[in-house]
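Everything on this sheet refers to the single structure shown next.
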Amino acid sequence: MTDVRSERLSVGVVVEQLCRQPSGGIGVYAWSLCRALFELESVDLISVSSRHHRLPTPNPAFLPTPHRVTSELMSRHMRVPGWNGATQPAALIHATSFDLPRRDSRPRTVFVHDLLWRRWPEAYSKRGIAWHERALHRALGDGDHLIVPSNAVRRDLLDAGANTVNVTVTGEGSDHLPEPNELSVARENRTYLLSVATSQPRKNLPGLLRAYEQYRSFSTSPLDLIVVGPDGWGPQLPAATIGVKLRGSVSDQELSNLYAHAAAVVFVPFEEGFGLPVVEAWRAGAPIVAAQGVPIAAEHPDAALLIDANSTDSIAEALRVITTDLPSSQKFVERGQLLAHHMTWRQVAQQHVSIWNKLLSR
C-alpha cells in the first residue's frame with residue numbers, strides 16, 4: 013500500500029518577520045502563505061521562528077533564542093541554536109524574508125520583497141542599509157531560487173547580479189482579510205477616503221495630507237480622510253488637520269470594515285515592491301488612487317487612477333475625480349474585483365510548491 017504521507021513535500025518556512033512589530037506587508041505574506049500551504053494536501057509545513065506567541069500553523073517549531081539574537085546570528089551567517097532540531101524533517105527551506113539561516117545541504121528559496129533601500133537610502137538608517145546589503149548578498153549566494161512579488165523587483169534583482177533563470181514572479185494574494193461585518197453600502201453614501209500605510213518616509217503620507225488639504229480647498233463637499241497604519245520611523249504626522257482622522261493600528265476586522273465602506277482608497281507611496289493595499293481595495297470593491305511607483309497598480313492602469321507621487325496637484329485632482337466621476341470609479345471597481353478574484357493565497361502557495369518540486373527533482 014502506498015504511503016500517502018511519503019508523497020508529500022516537507023518544507024520548513026522561516027517566519028521570523030512575525031516576531032517584528034509591526035510586521036508590515038512582509039508579515040502579511042508570511043502569515044498568509046503559511047496558512048495557504050497548511051491547507052494544501054500535498055505539503056507538510058513546518059513554520060519556524062524565535063519564541064513567538066502566535067504562528068499560522070497548529071504545530072510551529074520555535075527556536076530557543078530571542079528574535080533579536082536569532083536575526084543577528086542569521087545576518088552574520090552564524091549557527092542558530094536549535095535550528096537543526098526544529099527543521100530536521102524538512103526537505104527544503106523557504107525564507108519569507110531576508111532572515112535567512114546559514115546554508116546546509118537542503119535546497120533553499122528566498123522571497124525578496126524589494127530592494128528599495130538602494131533606491132531610497134535616505135529612508136533607512138546606515139545600520140539598516142548595511143543589514144539589507146549583507147542579507148541580499150547571502151540571498152544571491154545561498155538562495156537556489158529567488159521568488160519576488162513583481163516584475164519591478166525582478167528587474168532590480170537582475171541588476172544586482174541575480175541569474176535570470178533563478179528568479180520567479182508569483183505576485184501576492186488578496187484574500188487575507190476577513191469578510192466585513194456588514195454589507196458594503198452604496199457608493200454614493202460612502203462618507204470617507206481611506207489611506208492604509210505604515211508611517212515611514214517612503215509612504216509619502218505628508219504629501220498625501222498636503223494634497224488632501226488642497227482637495228478640501230476646491231471641493232464643495234469634501235470627504236473626510238481616515239489614515240490607518242502603525243507608527244514606523246516617521247515622519248510625525250500633524251495631530252490636528254481638518255477632515256483627517258489618524259486611526260493608527262487597527263485589527264484585521266476593523267480594516268476590512270473600513271475598506272468595505274470607503275468611497276475610495278488612496279495609496280501614494282514613492283515606490284513599492286508590490287502594493288498590498290491596492291489588492292485589498294480591489295477585493296473590497298473600493299476604487300483606488302495609486303502612485304505610479306506601485307507595481308501592481310502600474311501593471312493594471314485600467315483598475316486604478318494612477319498619479320505622480322511627487323505632485324501634490326496630481327494627487328489632489330485624483331481625489332476630486334475619484335469622488336465625483338462615479339462612472340469612471342465604477343469601471344476601476346469592476347476591473348479591480350475581477351483581478352482580485354484570481355489573486356488568492358492558495359494560488360500563490362501552489363506556485364511556490366511548483367518551484368520547490370522542480371528544485372527537489374534536479
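Quick note on numbering: the sequence shown equals residues 13 to 374 in my numbering.
For every residue, glycine included, the Cβ atom is placed at its ideal position computed from N, Cα and C.
Under the rule that a run must span 3 or more residues, the beta strand (DSSP E) segments found entirely inside the stretch 47-114 read 55-62, 73-75 and 104-107.
The bridge partners DSSP lists for G260 are V240.
Taking C-beta atoms under 8 Å as the contact rule, T69 and S59 qualify, at a distance of about 5 Å. Cβ neighbours of V239 within its own chain (closer than 6 Å, five residues either side excluded): S207 and L258.
Between the stretch 305-314 and the stretch 323-330, the count of C-beta pairs closer than 8 Å stays below three; the two stretches do not touch.
Of Y224, G94, S162 and R66, the smallest CA-CA separation from A321 is found for Y224. Look at T182 here: in three-state DSSP terms it is coil, with no helix or strand label.
Secondary structure note for L206: its beta strand (DSSP E) is the uninterrupted segment Y204 to V208. If you ignore the 5 residues before and after H144, its C-beta comes within less than 6 Å of the C-beta of W129, all in its own chain and listed in chain order. Residue burial annotation: F110 is buried, with at least 16 other C-beta atoms found within 10 angstroms of its C-beta.
Cβ contact annotation for G173 (same chain, cutoff 7 Å, sequence separation greater than five): L152, in chain order. Nearest neighbour of D187 by Cα position, chosen from Y136, Y41 and R32, turns out to be Y41. In the structure shown, A252 falls within a coil segment according to DSSP collapsed to helix, strand and coil.
V333 sits close to S340, with the two beta carbons spaced by under 8 Å. Here G37 has L288 as same chain residues with Cβ atoms under 6 Å from its own Cβ, once five neighbours each way along the sequence are excluded. The beta carbon of W95 sits closer than 6 Å to those of P113, all from its chain and outside the five residues before and after it, given in chain order. For V122, the pairing in a beta bridge is given by DSSP as A107 and L158.
In the three-state reduction of the DSSP assignment, S373 falls in the coil class, being assigned neither a helical nor a strand state. By the criterion of a C-beta distance shorter than 6 Å, R166 is surrounded in its chain by V160, V179 and V181, once the five residues flanking it on both sides are discounted. L235 sits in coil when the DSSP states are folded into three classes, being neither helix nor strand.
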